[in-house]
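Numbering (my numbering), first residue to last: 74 to 458.
Spelled out as C-alpha coordinates, the structure:
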(Lines of atoms letter the chains of each structure in order from A and count residues from 1; the text may use other names and numbers.)
(Lines give C-alpha, C1' and ligand atoms only; values in the text may rest on other atoms or scores of the structure.)
Protein backbone atom coordinates (compact mmCIF):
# COMPACT_ATOMS: atom_id res chain seq x y z
CA UNK A 1 0.00 0.00 0.00
CA UNK A 2 1.26 3.53 -0.74
CA UNK A 3 2.45 5.10 2.51
CA UNK A 4 2.99 8.81 2.99
CA UNK A 5 6.35 8.14 4.67
CA UNK A 6 7.61 5.48 2.26
CA UNK A 7 10.32 7.75 0.84
CA UNK A 8 11.56 11.35 1.06
CA UNK A 9 9.30 12.57 -1.71
CA UNK A 10 6.70 15.18 -0.76
CA UNK A 11 3.30 13.75 -1.64
CA UNK A 12 0.50 15.86 -3.14
CA UNK A 13 -3.10 14.68 -2.77
CA UNK A 14 -5.83 16.49 -4.70
CA UNK A 15 -9.42 16.59 -3.43
CA UNK A 16 -11.77 14.96 -5.92
CA UNK A 17 -15.46 15.75 -6.47
CA UNK A 18 -17.58 12.87 -7.87
CA UNK A 19 -20.62 14.98 -8.88
CA UNK A 20 -20.10 14.61 -12.63
CA UNK A 21 -22.73 11.98 -13.28
CA UNK A 22 -26.48 11.88 -12.85
CA UNK A 23 -28.20 10.64 -9.71
CA UNK A 24 -31.97 10.54 -9.04
CA UNK A 25 -31.70 12.87 -6.04
CA UNK A 26 -30.11 15.62 -8.11
CA UNK A 27 -32.60 15.08 -10.94
CA UNK A 28 -35.43 15.62 -8.45
CA UNK A 29 -33.83 18.64 -6.77
CA UNK A 30 -32.45 20.58 -9.74
CA UNK A 31 -33.95 19.03 -12.85
CA UNK A 32 -33.41 16.05 -15.06
CA UNK A 33 -29.82 15.57 -16.17
CA UNK A 34 -28.22 17.74 -13.47
CA UNK A 35 -24.49 17.31 -12.79
CA UNK A 36 -21.77 19.70 -11.64
CA UNK A 37 -21.39 20.70 -15.29
CA UNK A 38 -24.90 22.21 -15.24
CA UNK A 39 -23.83 25.12 -13.05
CA UNK A 40 -20.45 25.42 -14.75
CA UNK A 41 -21.97 25.77 -18.22
CA UNK A 42 -24.59 28.35 -17.28
CA UNK A 43 -22.20 30.64 -15.39
CA UNK A 44 -21.86 34.20 -16.68
CA UNK A 45 -19.25 36.91 -16.06
CA UNK A 46 -20.52 39.25 -13.36
CA UNK A 47 -18.23 42.12 -14.31
CA UNK A 48 -15.72 42.99 -17.00
CA UNK A 49 -12.78 40.60 -16.90
CA UNK A 50 -14.52 38.03 -14.71
CA UNK A 51 -13.33 34.60 -15.85
CA UNK A 52 -16.65 32.81 -16.36
CA UNK A 53 -17.73 30.39 -17.60
CA UNK A 54 -14.84 28.00 -17.04
CA UNK A 55 -14.59 25.60 -19.99
CA UNK A 56 -12.66 22.32 -19.80
CA UNK A 57 -10.04 21.83 -22.49
CA UNK A 58 -11.61 20.49 -25.66
CA UNK A 59 -15.02 21.01 -24.05
CA UNK A 60 -14.46 17.73 -22.23
CA UNK A 61 -17.62 17.68 -20.11
CA UNK A 62 -16.98 14.13 -19.01
CA UNK A 63 -19.38 11.71 -17.34
CA UNK A 64 -17.92 9.83 -14.37
CA UNK A 65 -20.22 6.87 -14.99
CA UNK A 66 -17.82 6.18 -17.88
CA UNK A 67 -15.10 4.02 -16.31
CA UNK A 68 -12.52 5.12 -18.88
CA UNK A 69 -12.67 8.72 -17.55
CA UNK A 70 -11.21 7.64 -14.20
CA UNK A 71 -8.44 5.78 -15.98
CA UNK A 72 -7.52 8.83 -18.06
CA UNK A 73 -7.65 11.15 -15.05
CA UNK A 74 -5.43 8.82 -13.05
CA UNK A 75 -2.86 8.71 -15.84
CA UNK A 76 -2.85 12.49 -16.31
CA UNK A 77 -2.63 13.25 -12.60
CA UNK A 78 0.33 10.91 -12.05
CA UNK A 79 2.11 12.28 -15.11
CA UNK A 80 1.95 15.82 -13.75
CA UNK A 81 2.98 15.24 -10.16
CA UNK A 82 -0.27 14.48 -8.32
CA UNK A 83 0.56 11.58 -5.99
CA UNK A 84 -3.00 10.75 -4.99
CA UNK A 85 -6.68 11.64 -5.00
CA UNK A 86 -8.89 12.20 -1.96
CA UNK A 87 -12.39 11.23 -3.07
CA UNK A 88 -15.34 12.80 -1.29
CA UNK A 89 -17.50 10.11 0.28
CA UNK A 90 -21.19 10.77 1.01
CA UNK A 91 -22.80 8.54 3.65
CA UNK A 92 -26.04 9.44 5.40
CA UNK A 93 -28.36 7.99 8.00
CA UNK A 94 -29.37 4.37 7.56
CA UNK A 95 -26.51 3.70 5.18
CA UNK A 96 -27.80 5.90 2.36
CA UNK A 97 -25.05 6.78 -0.12
CA UNK A 98 -24.84 9.46 -2.79
CA UNK A 99 -22.41 9.88 -5.70
CA UNK A 100 -20.78 6.57 -4.77
CA UNK A 101 -20.58 5.08 -8.27
CA UNK A 102 -17.25 6.62 -9.41
CA UNK A 103 -15.27 5.51 -6.36
CA UNK A 104 -16.94 2.07 -6.37
CA UNK A 105 -16.12 1.69 -10.06
CA UNK A 106 -12.55 2.73 -9.30
CA UNK A 107 -12.28 0.09 -6.56
CA UNK A 108 -13.10 -2.62 -9.10
CA UNK A 109 -10.90 -1.18 -11.86
CA UNK A 110 -7.19 -1.88 -11.45
CA UNK A 111 -6.43 0.27 -14.49
CA UNK A 112 -6.96 3.29 -12.21
CA UNK A 113 -3.53 3.21 -10.63
CA UNK A 114 -3.37 6.44 -8.64
CA UNK A 115 -3.21 6.09 -4.82
CA UNK A 116 -6.27 7.42 -3.05
CA UNK A 117 -8.00 7.99 0.27
CA UNK A 118 -11.50 9.03 1.30
CA UNK A 119 -12.96 12.13 2.92
CA UNK A 120 -16.34 11.65 4.55
CA UNK A 121 -18.30 14.78 3.60
CA UNK A 122 -20.54 14.53 6.65
CA UNK A 123 -23.03 17.30 6.04
CA UNK A 124 -26.64 17.50 5.00
CA UNK A 125 -27.23 17.27 1.24
CA UNK A 126 -29.16 20.44 0.57
CA UNK A 127 -30.18 22.76 -2.25
CA UNK A 128 -28.08 25.61 -0.85
CA UNK A 129 -24.60 24.08 -1.30
CA UNK A 130 -23.62 24.79 2.29
CA UNK A 131 -24.73 21.71 4.22
CA UNK A 132 -27.24 23.77 6.18
CA UNK A 133 -30.72 22.86 7.34
CA UNK A 134 -32.76 24.46 4.55
CA UNK A 135 -34.22 22.38 1.72
CA UNK A 136 -32.62 19.14 2.83
CA UNK A 137 -32.35 16.41 0.20
CA UNK A 138 -30.53 13.85 2.37
CA UNK A 139 -30.07 14.42 6.10
CA UNK A 140 -27.05 13.33 8.10
CA UNK A 141 -27.96 10.98 10.91
CA UNK A 142 -25.10 9.29 12.73
CA UNK A 143 -27.13 6.60 14.43
CA UNK A 144 -25.87 4.01 16.89
CA UNK A 145 -23.22 1.29 16.94
CA UNK A 146 -25.22 -0.74 14.44
CA UNK A 147 -24.99 2.14 11.95
CA UNK A 148 -21.28 2.64 12.65
CA UNK A 149 -20.66 -1.04 11.95
CA UNK A 150 -22.49 -0.84 8.63
CA UNK A 151 -20.42 2.19 7.64
CA UNK A 152 -17.17 0.53 8.74
CA UNK A 153 -17.90 -2.60 6.72
CA UNK A 154 -18.37 -0.41 3.66
CA UNK A 155 -15.13 1.49 4.28
CA UNK A 156 -13.00 -1.57 4.96
CA UNK A 157 -13.18 -2.72 1.34
CA UNK A 158 -11.40 0.49 0.42
CA UNK A 159 -8.99 0.36 3.37
CA UNK A 160 -7.80 -3.08 2.22
CA UNK A 161 -7.25 -1.99 -1.37
CA UNK A 162 -3.58 -2.05 -2.40
CA UNK A 163 -3.92 1.54 -3.73
CA UNK A 164 -5.33 2.99 -0.50
CA UNK A 165 -3.11 5.64 1.13
CA UNK A 166 -1.70 4.90 4.57
CA UNK A 167 0.40 6.69 7.17
CA UNK A 168 2.70 4.39 9.12
CA UNK A 169 0.64 1.52 7.79
CA UNK A 170 -2.73 2.90 8.92
CA UNK A 171 -5.39 3.82 6.34
CA UNK A 172 -6.00 7.57 6.19
CA UNK A 173 -9.57 8.77 6.62
CA UNK A 174 -10.55 12.44 6.55
CA UNK A 175 -13.75 13.74 8.12
CA UNK A 176 -15.06 17.01 6.77
CA UNK A 177 -16.82 18.47 9.83
CA UNK A 178 -16.24 16.26 12.87
CA UNK A 179 -17.63 18.92 15.20
CA UNK A 180 -21.06 18.19 13.69
CA UNK A 181 -21.04 14.59 14.96
CA UNK A 182 -22.61 14.31 18.46
CA UNK A 183 -21.39 10.73 18.92
CA UNK A 184 -17.92 11.45 17.50
CA UNK A 185 -15.79 10.04 20.32
CA UNK A 186 -17.74 6.80 20.67
CA UNK A 187 -17.89 6.28 16.92
CA UNK A 188 -14.15 6.79 16.36
CA UNK A 189 -13.25 4.58 19.31
CA UNK A 190 -15.48 1.88 17.82
CA UNK A 191 -13.95 2.23 14.36
CA UNK A 192 -10.44 2.11 15.82
CA UNK A 193 -11.32 -1.07 17.71
CA UNK A 194 -12.87 -2.69 14.63
CA UNK A 195 -9.94 -1.75 12.45
CA UNK A 196 -7.52 -3.46 14.83
CA UNK A 197 -9.73 -6.53 15.01
CA UNK A 198 -9.70 -6.58 11.21
CA UNK A 199 -5.91 -6.54 11.04
CA UNK A 200 -5.54 -2.94 9.85
CA UNK A 201 -3.64 -1.75 12.91
CA UNK A 202 -5.89 1.25 13.43
CA UNK A 203 -6.97 4.26 11.36
CA UNK A 204 -5.20 7.58 10.84
CA UNK A 205 -8.00 10.12 11.36
CA UNK A 206 -7.62 13.63 9.95
CA UNK A 207 -9.86 16.69 10.26
CA UNK A 208 -10.46 18.24 6.85
CA UNK A 209 -12.38 21.44 7.49
CA UNK A 210 -11.71 22.67 11.01
CA UNK A 211 -11.09 26.08 12.51
CA UNK A 212 -7.60 27.52 12.46
CA UNK A 213 -7.85 28.16 16.19
CA UNK A 214 -8.14 24.80 17.90
CA UNK A 215 -6.06 21.69 18.38
CA UNK A 216 -8.19 18.74 17.18
CA UNK A 217 -6.24 16.30 19.34
CA UNK A 218 -7.38 17.98 22.52
CA UNK A 219 -10.68 19.59 21.62
CA UNK A 220 -12.10 16.74 19.54
CA UNK A 221 -9.88 13.78 20.41
CA UNK A 222 -8.80 10.75 18.40
CA UNK A 223 -7.52 12.79 15.46
CA UNK A 224 -3.90 12.50 14.38
CA UNK A 225 -3.80 15.56 12.12
CA UNK A 226 -5.76 18.52 10.83
CA UNK A 227 -5.53 19.43 7.17
CA UNK A 228 -5.09 23.10 6.33
CA UNK A 229 -8.05 23.11 3.95
CA UNK A 230 -7.26 26.01 1.68
CA UNK A 231 -8.10 28.74 0.98
CA UNK A 232 -10.39 28.67 4.04
CA UNK A 233 -7.84 27.84 6.73
CA UNK A 234 -5.40 30.62 5.84
CA UNK A 235 -8.17 33.04 4.89
CA UNK A 236 -9.45 32.72 8.43
CA UNK A 237 -6.02 33.44 9.87
CA UNK A 238 -5.55 36.41 7.53
CA UNK A 239 -9.02 37.70 8.20
CA UNK A 240 -8.54 37.85 11.96
CA UNK A 241 -6.11 40.73 11.64
CA UNK A 242 -7.84 42.50 8.75
CA UNK A 243 -11.50 42.09 9.58
CA UNK A 244 -12.10 45.03 11.90
CA UNK A 245 -10.50 47.69 9.76
CA UNK A 246 -12.29 46.49 6.62
CA UNK A 247 -15.69 45.52 7.87
CA UNK A 248 -17.21 48.95 7.28
CA UNK A 249 -16.09 49.13 3.66
CA UNK A 250 -17.44 45.62 3.14
CA UNK A 251 -20.68 46.07 5.07
CA UNK A 252 -22.70 44.18 2.47
CA UNK A 253 -20.25 41.31 2.32
CA UNK A 254 -20.03 41.13 6.08
CA UNK A 255 -23.58 39.78 6.19
CA UNK A 256 -22.60 36.65 4.32
CA UNK A 257 -22.19 33.52 6.39
CA UNK A 258 -19.54 31.49 4.65
CA UNK A 259 -19.39 27.85 5.74
CA UNK A 260 -21.99 28.32 8.48
CA UNK A 261 -20.30 31.47 9.73
CA UNK A 262 -17.09 29.74 10.82
CA UNK A 263 -14.68 31.61 8.60
CA UNK A 264 -14.00 35.33 8.27
CA UNK A 265 -12.19 35.79 5.04
CA UNK A 266 -9.23 37.88 4.11
CA UNK A 267 -10.59 40.50 1.73
CA UNK A 268 -8.77 42.70 -0.71
CA UNK A 269 -9.93 46.30 -1.02
CA UNK A 270 -9.63 47.41 -4.60
CA UNK A 271 -11.96 50.09 -5.86
CA UNK A 272 -13.31 48.64 -9.08
CA UNK A 273 -13.68 45.08 -7.83
CA UNK A 274 -15.19 46.28 -4.55
CA UNK A 275 -17.94 48.12 -6.39
CA UNK A 276 -18.69 45.15 -8.60
CA UNK A 277 -18.60 42.73 -5.66
CA UNK A 278 -21.07 44.80 -3.68
CA UNK A 279 -23.51 44.73 -6.58
CA UNK A 280 -23.67 40.93 -6.37
CA UNK A 281 -22.89 40.59 -2.66
CA UNK A 282 -19.65 38.72 -3.29
CA UNK A 283 -16.73 38.38 -0.94
CA UNK A 284 -13.39 38.98 -2.63
CA UNK A 285 -10.11 37.88 -1.13
CA UNK A 286 -6.56 38.07 -2.34
CA UNK A 287 -4.69 35.09 -3.80
CA UNK A 288 -1.28 36.41 -2.83
CA UNK A 289 -2.46 37.30 0.66
CA UNK A 290 -3.80 33.83 1.33
CA UNK A 291 -0.67 32.20 -0.04
CA UNK A 292 1.48 34.47 2.13
CA UNK A 293 -0.27 33.00 5.16
CA UNK A 294 0.01 29.44 3.82
CA UNK A 295 3.77 29.85 3.58
CA UNK A 296 4.24 31.01 7.16
CA UNK A 297 5.82 28.50 9.53
CA UNK A 298 3.28 26.25 11.19
CA UNK A 299 3.04 26.77 14.95
CA UNK A 300 1.86 23.20 15.52
CA UNK A 301 3.10 19.87 14.25
CA UNK A 302 -0.37 18.34 13.86
CA UNK A 303 -1.18 20.60 10.88
CA UNK A 304 -0.93 19.11 7.40
CA UNK A 305 -0.12 21.55 4.62
CA UNK A 306 -2.76 22.61 2.14
CA UNK A 307 -2.69 24.50 -1.14
CA UNK A 308 -5.28 26.12 -3.39
CA UNK A 309 -5.33 26.46 -7.16
CA UNK A 310 -7.99 29.19 -7.37
CA UNK A 311 -11.48 29.84 -6.02
CA UNK A 312 -14.69 31.24 -7.49
CA UNK A 313 -17.98 29.62 -6.50
CA UNK A 314 -20.22 32.16 -8.26
CA UNK A 315 -21.38 29.48 -10.76
CA UNK A 316 -23.13 27.87 -7.79
CA UNK A 317 -24.35 31.11 -6.23
CA UNK A 318 -23.98 34.67 -7.43
CA UNK A 319 -23.64 35.77 -3.81
CA UNK A 320 -20.56 33.65 -3.34
CA UNK A 321 -16.94 34.53 -2.98
CA UNK A 322 -13.92 34.44 -5.21
CA UNK A 323 -10.19 34.92 -5.24
CA UNK A 324 -8.49 37.68 -7.13
CA UNK A 325 -5.04 37.39 -8.64
CA UNK A 326 -4.68 33.66 -9.33
CA UNK A 327 -2.45 32.61 -12.22
CA UNK A 328 -0.54 29.43 -13.12
CA UNK A 329 2.90 30.98 -12.70
CA UNK A 330 1.98 32.25 -9.24
CA UNK A 331 0.65 28.84 -8.27
CA UNK A 332 3.89 27.25 -9.42
CA UNK A 333 6.04 29.74 -7.53
CA UNK A 334 4.07 29.31 -4.33
CA UNK A 335 3.99 25.52 -4.61
CA UNK A 336 7.78 25.48 -4.97
CA UNK A 337 8.11 27.61 -1.85
CA UNK A 338 5.70 25.33 0.02
CA UNK A 339 7.71 22.25 -0.95
CA UNK A 340 10.88 23.93 0.34
CA UNK A 341 9.12 24.99 3.53
CA UNK A 342 8.19 21.38 4.29
CA UNK A 343 11.68 20.13 3.58
CA UNK A 344 13.34 22.84 5.66
CA UNK A 345 11.05 22.34 8.65
CA UNK A 346 10.86 18.52 8.42
CA UNK A 347 7.09 18.55 8.47
CA UNK A 348 4.91 15.65 7.35
CA UNK A 349 5.79 15.31 3.63
CA UNK A 350 2.24 15.88 2.47
CA UNK A 351 0.19 18.61 0.77
CA UNK A 352 -3.56 18.47 0.16
CA UNK A 353 -4.49 20.52 -2.91
CA UNK A 354 -7.94 22.02 -3.41
CA UNK A 355 -8.70 20.55 -5.91
CA UNK A 356 -8.55 18.24 -8.91
CA UNK A 357 -11.98 19.00 -10.35
CA UNK A 358 -14.04 21.47 -8.31
CA UNK A 359 -15.16 23.25 -11.48
CA UNK A 360 -18.20 24.86 -9.85
CA UNK A 361 -15.87 26.48 -7.31
CA UNK A 362 -13.09 27.43 -9.72
CA UNK A 363 -10.69 25.12 -7.87
CA UNK A 364 -9.31 22.63 -10.36
CA UNK A 365 -6.01 21.36 -11.72
CA UNK A 366 -7.59 19.83 -14.79
CA UNK A 367 -6.78 21.59 -18.08
CA UNK A 368 -9.16 24.27 -19.33
CA UNK A 369 -9.57 26.36 -22.47
CA UNK A 370 -7.86 29.44 -21.02
CA UNK A 371 -4.75 27.98 -19.40
CA UNK A 372 -4.47 24.53 -20.97
CA UNK A 373 -2.20 22.33 -18.87
CA UNK A 374 -0.39 25.28 -17.28
CA UNK A 375 -1.45 24.61 -13.68
CA UNK A 376 -0.49 20.94 -13.99
CA UNK A 377 2.82 21.84 -15.61
CA UNK A 378 3.60 24.23 -12.76
CA UNK A 379 2.71 21.55 -10.22
CA UNK A 380 5.02 19.06 -11.91
CA UNK A 381 7.93 21.54 -11.84
CA UNK A 382 7.37 22.19 -8.15
CA UNK A 383 7.03 18.47 -7.38
CA UNK A 384 10.26 17.63 -9.23
CA UNK A 385 12.40 20.09 -7.26
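We treat Cβ as the ideally placed atom computed from N, Cα and C, and that holds for glycine.
Since the model is a prediction, treat every value here as computed from it, not as a measurement.
For the alpha helix (DSSP H) containing residue i, list its first residue and its last residue.
i: residue 263; result: 257-270
i: residue 367; result: 360-367
i: residue 176; result: 174-181
i: residue 448; result: 447-456
i: residue 221; result: 218-232
i: residue 140; result: 140-152
Run through DSSP, which three-state label would residue i get?
i: residue 395; result: strand
i: residue 118; result: coil
i: residue 414; result: helix
i: residue 99; result: helix
i: residue 185; result: coil
i: residue 128; result: coil
i: residue 384; result: coil
i: residue 169; result: coil
i: residue 310; result: helix
i: residue 81; result: coil
i: residue 422; result: coil
i: residue 244; result: strand
At what residues does the beta strand (DSSP E) containing residue i begin and finish?
i: residue 380; result: 376-381
i: residue 84; result: 84-89
i: residue 278; result: 277-280
i: residue 193; result: 189-193
i: residue 164; result: 157-164
i: residue 400; result: Here residue 400 belongs to no beta strand (DSSP E), and DSSP marks it neither H nor E.
i: residue 428; result: Premise fails: residue 428 is in no beta strand (DSSP E) and is neither H nor E.
i: residue 298; result: 298-300
i: residue 209; result: 209-211
How about residue i and residue j: do their beta carbons lie closer than 8 Å?
i: residue 246; j: residue 209; result: no
i: residue 32; j: residue 423; result: The structure shown does not extend to residue 32, since the chain is modelled only from 74 through 458, so no value can be given for it.
i: residue 184; j: residue 144; result: yes
i: residue 435; j: residue 386; result: yes
i: residue 410; j: residue 368; result: yes
i: residue 429; j: residue 87; result: yes
i: residue 238; j: residue 163; result: no
i: residue 94; j: residue 174; result: yes
i: residue 128; j: residue 402; result: no
i: residue 214; j: residue 433; result: no
Are the C-beta of residue i and some C-beta of chain C separated by less than 8 Å?
i: residue 201; result: Reference to chain C is not applicable here, since this structure consists of a single protein chain.
Contact between the segment 104-121 and the segment 168-186 (3+ Cβ pairs under 8 Å):
no
With a cut-off of 8 Å, do at least 3 Cβ pairs link the segment 365-378 to the segment 415-427?
yes
Per the contact definition of three or more C-beta pairs closer than 8 Å, is the segment 438-457 in contact with the segment 142-156?
yes
Indicate whether the contact test is met: 3 or more Cβ pairs, each with one atom in the segment 163-174 and one in the segment 219-234, closer than 8 Å.
yes
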